[in-house]
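Reviewing the structure listed below.
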Amino acid sequence: MQLFGCAYLGPFGHFLHLILDKIFKGKKDTSTVAKKVVLEQLTSSPWNNLMFMIYYGVVVEGRPLRDVKTKIKKDYPTVQYTSWTFWPVVGWINHLYVPLQFRVIFHSLVAMCWGIFLNLRARSMALPKAK
């Protein structure tokens, strides 16, 4: 799990926040923050959840990609819907109150809790191992 965070999510989050601040010129008014949150939720959120589910199934659980695809088809909509009920609030707080240089750290701390949720979800919905 640490590999996923250090090798993928950390750098991804770092550059995402830099790009968002560049696109929106560092503005922090509520209209701009809302646009940042919507953009983040429609682009990086679905991608990151998909990448996590693939990583978890293939690397952590050691399942064949075929089984992981089946699991993703079944569970991804629920995971993404739950993500959209949780992460926009985090994004709002992050973009409005947290200085740019601390956003990835704040996001990572919250992501640790999200990771626990995904981990528990993945374990409770686990497919039986192939023999």
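Taking the UniProt record's numbering, the leading residue of the sequence shown gets 1, the next gets one more, and so forth. Here a beta-carbon is modelled for each residue, glycine too, at the ideal position from N, C-alpha and C. Quantities reported herein were computed from a predicted structural model and do not represent experimental measurements.
What would DSSP say about residue i, mapped onto helix, strand or coil?
i: K27; result: coil
i: T43; result: coil
i: residue 175; result: Nothing about residue 175 can be read from this structure; the chain reaches only from 1 to 131.
Classify residue i as buried or exposed, calling it buried when 16 or more other Cβ atoms lie within 10 Å of its own Cβ.
i: S31; result: exposed
i: F102; result: exposed
In angstroms, rounded to a whole number, what distance separates the CA positions of residue i and residue j?
i: V58; j: T70; result: 12 Å
i: L39; j: F12; result: 15 Å
i: H95; j: C113; result: 19 Å
i: S44; j: S83; result: 11 Å
i: H107; j: P64; result: 31 Å
Leaving out five residues on either side along the sequence, give the residues of the same chain with a beta carbon under 6 Å from the beta carbon of residue i.
i: F4; result: Y55
Return yes when the Cβ of residue j is within less than 9 Å of the Cβ of residue i, no when it is not.
i: V110; j: V90; result: yes
i: A34; j: W92; result: yes
i: G10; j: V98; result: no
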